[in-house]
Amino acid sequence: MIYKVYYQGDAECTPRRERTQTLYAEAASIPDLKKKIVEKFNYSIEYVAELNEQDLDYEKEHNSDFEVLKDL
1241 MIYKVYYQGD
1251 AECTPRRERT
1261 QTLYAEAASI
1271 PDLKKKIVEK
1281 FNYSIEYVAE
1291 LNEQDLDYEK
1301 EHNSDFEVLK
1311 DL
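Numbers 1241 to 1312, taken from the numbering used here, label the letters of the sequence shown in order.
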């Protein structure tokens, strides 16, 4: 499954909406994905959304830097 992850770049800082970033990643489950992202990047995860085919098509069309992280 592919997920869109909303996160803050530094887990130590107070979250601010203006600093929210996104990434796309493939994982077996949301808990597994969260664990891997925190371990690898030390990001503060705000929200994780599961993407269906329509969502993926939209993201590919409207985000020039669209890339799915695999093998986290």
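Ideal Cβ placement from N, Cα and C applies to all residues, glycine included. All of these numbers come straight from a predicted model, not from anything done at the bench.
According to the DSSP assignment, Glu1299 belongs to the alpha helix (DSSP H) that extends over Glu1293 to His1302.
Taking the Cα positions, Glu1266 is about 14 Å away from Asp1295. Scanning Tyr1246, Tyr1264 and Asn1303 for the CA closest to the CA of Leu1312 turns up Tyr1264. Taking a cut-off of 8 Å for Cβ pairs, the stretch 1296 to 1309 and the stretch 1246 to 1261 do not touch, as fewer than three such pairs fall below it.
Nearest to Val1245 by alpha-carbon distance, out of Ser1304, Tyr1283, His1302 and Lys1300, is Tyr1283.
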